[in-house]
Amino acid sequence: MTAERLIAASLVVSALASLALVVVFFVGGHPQIEGILLALALGGLGAGIVIWSIRLLNAPIQVEERHPLASPEQTRNDAASTVDMRSITRRTLLVRLLLGAVGALAAALAIPALALGPGPGRELFQTPWRAGSRIVGDDGLPIRPDDLAIGSVRTVFPEDAIGSPEAVTLLIKVRPSELRLDAQRMSWAPEGCVGYSKICTHAGCPVGLYRAEEHALLCPCHQSTFDVLRGAVPTFGPAARPLPQLPIDVDADGFLVARGDFPEPVGPSFWNLTHTETDG
Ligand code: FES
């Protein structure tokens, strides 16, 4: 097989594999087949370029002595009659095949971007907590401040979203005089009932342990520790920001309710979480 045919075959294989990759993606996708097709697309393109550079562009360095720029007319006529038109045609074909293979590969490489799925929108910034949401246990019963003993902790949810993984909150009762919060956050902790997101701000594990005597919440995954009295700021471990505090109030019937959603996103930080949102 001549070099030209070898190059053409490589580029055709590359282009067909790229197009097949696009087709396989749009009919449902198959990771193994897509991997094989991508290997053929890249391999064919690479083989074609390598063979082209070695076999066709491997011209030795030639030094041409100075001579008059214009050739004698007889020489030019002779040259014109001896130009091999087939080589020009072949080169044009190969260039077109190369452009076709690169274009098809570019279409195939758009697949990873198409496979990312829909963006999360504002979902990462919101939970089911709303102003007036009654705070209930996993039994669905509303809670009054007096239902909690000092030093106790309960896992709570909004009454209309029991079990919600985004809304899960730890309700802890401490002596109000022990809290070290600014005035606004103090008003969010009626009778010492303070609520923090249960989702660790490091990697999202549930913050499942409470040491009442130290007023410390502990995450069992990587031992991040949060100070309940000071707004759940991290005091140990890899977590870099506090657990968001739920604004809490008491309604006219004496039950604990939310004043609104968490002031900052719950769970692990993400790339477009800004300082404004983490500052509350
Ligand atoms: S997930 Fe909580 S410390 Fe890592």
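Read in order, the letters of the sequence shown correspond to residues 20 to 299 in our numbering. Note that the Cβ used here is the ideal one computed from N, Cα and C, for glycine as well. Values in this document were obtained by computation on a predicted structure and should not be read as measured data.
Any heavy atom of the ligand FES inside 6 Å of the beta-carbon of isoleucine 222? Reading the sequence as shown, one finds alanine at residue 222 and not isoleucine. Result yes, Cβ under 6 Å from the ligand FES.
When you measure from the CB of cysteine 212 to every non-hydrogen atom of the ligand FES, does any distance come out below 6 Å? Not under cutoff, so the answer is no.
Check the DSSP bridge columns for aspartate 246 and list the partner residues they point to. For aspartate 246, which the question treats as bridged, DSSP gives the partners Ala235, Val252.
Name the residue from Pro257, Leu88, Val252 whose alpha carbon lies nearest to the alpha carbon of serine 243. Closest in alpha carbon position to serine 243, among Pro257, Leu88, Val252, is Pro257.
What are the partner residues of proline 177, as DSSP defines its beta bridges? Residue pairing by DSSP places proline 177 opposite Ile154 in a beta bridge.
Need the endpoints of the beta strand (DSSP E) that leucine 190 sits in, please. From DSSP, the beta strand (DSSP E) with leucine 190 extends over 188-192.
Could you round the C-beta distance between histidine 269 and proline 209 to whole angstroms and report it? I think they count as a contact, below 8 Å. According to the sequence shown, residue 269 is valine rather than histidine. Correct: roughly 5 Å between the Cβ atoms.
Less than 7 Å between the C-beta atoms of leucine 265 and phenylalanine 281, yes or no? Closer than 7 Å, so yes.
For glycine 286 and glutamate 53, I'd like the C-alpha separation in whole angstroms. Cα to Cα, glycine 286 sits roughly 34 Å from glutamate 53.
How big is the Cα-Cα spacing for alanine 34 and histidine 241? Distance between the alpha carbons of alanine 34 and histidine 241: 49 Å.
Note the first and the last residue of the continuous beta strand (DSSP E) segment covering valine 41. Taken as a continuous stretch (DSSP letters only), valine 41 belongs to no beta strand (DSSP E), being part of the alpha helix (DSSP H) at 22-45.
Is the Cβ-Cβ distance between isoleucine 181 and glycine 211 less than 7 Å? In this structure, the beta-carbon distance from isoleucine 181 to glycine 211 does not fall below 7 Å.
The ligand FES heavy atom lying under 6 Å from the CB of serine 243: For serine 243, the shortest C-beta to heavy atom distance toward the ligand FES is below 6 Å.
Going along the chain, which residues of its own chain have a beta-carbon closer than 8 Å to the beta-carbon of glutamine 203, five neighbours each way excluded? Closer than 8 Å at Cβ, skipping near neighbours: no residue.
Glycine 62 CB to nearest heavy atom of the ligand FES below 6 Å: It does not: the Cβ of glycine 62 is nowhere closer than 6 Å to a heavy atom of the ligand FES.
If you follow the beta strand (DSSP E) that isoleucine 267 is in, where does it begin and where does it stop? Where isoleucine 267 is concerned, the enclosing beta strand (DSSP E) stretches over 267-269.
Contact set for leucine 56: own chain, Cβ-Cβ below 7 Å, skip 5 residues either direction: Excluding positions up to five away in sequence, the list reads Ala36, Ala39, Leu40, Val43.
Less than 6 Å between C-beta atoms, sequence neighbours within five positions excluded: which residues of the same chain meet that for leucine 237? If the five residues before and after leucine 237 are omitted, its C-beta is found closer than 6 Å to the C-beta atoms of Leu228, Thr244, all from its own chain and listed in chain order.
State the Cα-Cα distance for the pair proline 284 and phenylalanine 144, rounded to the nearest angstrom. The alpha-carbon of proline 284 is positioned some 5 Å away from that of phenylalanine 144.
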